[in-house]
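Residue numbers (my numbering): 296 to 457.
If you want it as structure tokens, here you go:
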């Protein structure tokens with residue numbers, strides 16, 4: 296009796312990725328494309344990750360790259376909206392000084408408090424550093440300890456934290 300392979304013979308578990316001269320990492324659309332210029336990436340270098348450790352390192356570097364892009368976008372947005380926030384804060388202070396009712400005063404105090412919270416979040420964002428141990432981009436099932444298959448009767452556990 297012959298055992299059939301569970302995957303095709305041409306299956307390749309190598310992870311191919313491109314690195315730009317500025318250091319940006321991008322996955323190759325197909326592991327067989329080792330020439331970046333074929334997919335519009337002239338000047339980029341092609342690398343392969345074969346072991347699990349290499350693949351995890353690339354995943355961490357890519358998540359750091361995306362985290363930095365997201366942080367930069369949030370900082371840019373905050374800077375674009377700074378004048379509008381200052382205007383809102385000034386008008387809330389003026390209305391607070393002239394408020395005829397307690398409810399108006401409470402609303403204006405809440406506006407000022409939210410603007411102060413936003414400023415604190417912004418300063419925290421400026422000082423934050425990337426921490427790969429705080430990664431939250433995994434699937435929910437990866438972060439939970441769960442018994443798998445027949446191991447549900449034994450001690451074998453699954454998941455990234457298991």
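Backbone N, C-alpha and C fix where the C-beta goes; we use that ideal spot for every residue, glycine too.
None of the values given here were measured: they were computed from a predicted structure.
Beta-bridge partners of residue 343, as assigned by DSSP: On the chain shown, position 48 is the one that residue 343 refers to. For residue 343, which the question treats as bridged, DSSP gives the partners 311.
Residue 328, DSSP secondary structure in three states: Position 33 of the chain shown, counted from the start, is the residue given in the question as residue 328. Note: residue 328 maps to coil in three-state DSSP.
Sufficient close CB pairs (3 or more, under 8 Å) joining the region 347-355 to the region 398-413: Result no; under three Cβ-Cβ pairs closer than 8 Å.
CA nearest to the CA of residue 333, picked from 391, 319, 419 and 313: Within the chain shown, numbered from 1, the residue matching residue 333 stands at position 38. Answer by Cα proximity: 313.
Cut-off 8 Å between Cβ atoms - residues of its own chain near residue 325, not counting five sequence neighbours on either side: Against the chain shown, residue 325 aligns to sequence position 30. Around residue 325: 311.
Of the residues 383, 347, 322 and 357, the one placed nearest residue 408, counting alpha carbons only: The residue given as residue 408 occupies position 113 in the chain shown. Checking every option, the nearest Cα to that of residue 408 belongs to 383.
Where the alpha helix (DSSP H) containing residue 408 begins and where it ends: By 1-based counting over the chain shown, the position of residue 408 is 113. Residue 408 -> alpha helix (DSSP H) spans 397-422.
Under 8 Å between C-beta atoms of residue 356 and residue 328: Residue numbering aside, residue 356 sits at position 61 when the chain shown is read from its first letter. Residue numbering aside, residue 328 sits at position 33 when the chain shown is read from its first letter. In this structure, residue 328 does not lie closer than 8 Å to residue 356 by Cβ.
Residue 396 to residue 390 span [Cα, whole Å]: Within the chain shown, residue 396 is the residue found at index 101, counting from 1. Within the chain shown, residue 390 is the residue found at index 95, counting from 1. Residue 396 and residue 390: Cα-Cα distance of roughly 11 Å.
Cβ-based neighbour list, residue 339, same chain, cut-off 6 Å, excluding 5 preceding and 5 following: By one-based count along the chain shown, residue 339 stands at place 44. If we look at residue 339 and ignore the five residues flanking it on each side, its Cβ neighbours are 313, 315 and 331.
Residue 337 - containing alpha helix (DSSP H), residue span: Numbered from its first residue, the chain shown carries residue 337 at position 42. Note, residue 337: premise wrong, no alpha helix (DSSP H); not H, not E.
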